[in-house]
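Heads up: the sequence lines are chains F and E, in that order. Under the UniProt record's numbering, the first sequence has 87 at position 87, and the numbering climbs by one with no breaks. Under the UniProt record's numbering, the second sequence has 58 at position 58, and the numbering climbs by one with no breaks. All C-beta atoms, glycine included, are put in the ideal place defined by N, C-alpha and C. For clarity, every value in this text was computed on a predicted model and none was experimentally measured.
Protein chains: 2
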Amino acid sequence: MPDQLQLDATTAARLFKALGEPIRVELVGLVRRTEGQEACFCDLADQFDMPQSSLSHHLKILVQAGVLSRERRGTWSWYRVDNAAIDTLAQVLAPGGPLRDSSACCD
Amino acid sequence: MPDQLQLDATTAARLFKALGEPIRVELVGLVRRTEGQEACFCDLADQFDMPQSSLSHHLKILVQAGVLSRERRGTWSWYRVDNAAIDTLAQVLAPGGPLRDSSACCD
DNA sequence: GGCTTGGATTGACATTCGTCGATCCAGTCT
DNA sequence: AGACTGGATCGACGAATGTCAATCCAAGCC
């Protein structure tokens with residue numbers, strides 16, 4: 001990936017911003033480690049002591065950024081981690097990526 | 001709720017937030033790809049068409065978050081990428097990390 | 001000393017963002 | 001149909017953030 005850094009920066013920043021809040025990092029982590037890689041809203045609500053509307057708001061931001069995907073199955077909403085988005089950021093931060101020196105691996 | 005993740009989430013979110021702006025992603029990338037892994041303010045100012053105070057502000061945020069480090073050498077300020085910070089995020093996003101399924105690599 | 005330059009800090013402003021109660025909507029059950 | 005439930009959306013509020021001009025400070029030069 002050469003210097004289309006301009007475009008990548010916008011994309012990466014959008015994803016980074018979505019993860020720029022501790023609760024949202026925890027949410028993504030929780031969904032990720034849930035059996036089947038997906039969790040319903042009710043499960044997540046049990047884990048966090050915050051109003052339901054706040055939780056829904058943070059999930060919406062993650063969905064809008066493309067970090068999570070939402071699917072309504074019957075009564076419940078299910079959330080999954082979009083691995084492509086995580087992969088995008090991982091590549092940006094990986095050794096040799098735009099933000100990381102290729103020679104500075106795991107010091 | 002996983003308490004060990006709590007601490008990590010706060011740290012990770014602080015770094016993510018610092019990178020949650022396109023200009024700052026570009027700044028880090030520019031510093032990283034500069035000869036010697038460090039760039040002075042004047043070099044960076046040449047690359048971006050924005051007021052000097054704005055640029056300084058964004059750099060300060062990156063420094064405060066620990067993504068960049070600043071060193072005043074004589075008249076000029078030099079910036080370097082803190083590889084430990086980038087490494088922290090890379091590990092969070094790496095396959096097997098808190099946000100990434102170990103089995104879901106590059107689907 | 002006074003002048004100039006690189007760049008950090010300040011202050012004001014508008015915008016965005018997080019928080020949370022209140023409301024609304026879609027499924028489900030009776 | 002009406003009642004109930006899971007969750008999304010709305011609205012208001014305060015706090016944080018980006019932008020930029022103006023100012024200030026330190027280092028070099030006359």
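Check the Cα spacing between residue 98 of chain F and each of E:17, E:12, E:23, E:33: the tightest is with E:33. Taking a Cβ-Cβ threshold of 8 Å, the residues of chain E close to residue 86 of chain F are 93, 99, 100, in chain order. Separation of residue 82 of chain E and residue 29 of chain E (C-alpha to C-alpha, rounded to the nearest whole angstrom) is 12 Å. Beta-bridge pairing by DSSP links residue 39 of chain E to E:79. Under the Cβ criterion of 7 Å, residue 17 of chain E is counted among the residues facing chain F. Pairing residue 101 of chain F with residue 95 of chain F, the inter-Cα distance amounts to about 6 Å.
By the beta-carbon neighbour count (other beta carbons within 10 angstroms, threshold 16), residue 26 of chain E is buried.
The residues 92, in chain order, have a CB closer than 6 Å to that of residue 12 of chain E in the same chain once the five nearest residues on each side in sequence are set aside. Residue burial is scored here from C-beta neighbours: residue 90 of chain E has at least 16 other C-beta atoms within 10 angstroms and is therefore classed as buried. CA-CA distance, residue 63 of chain F to residue 71 of chain F, rounds to 10 Å.
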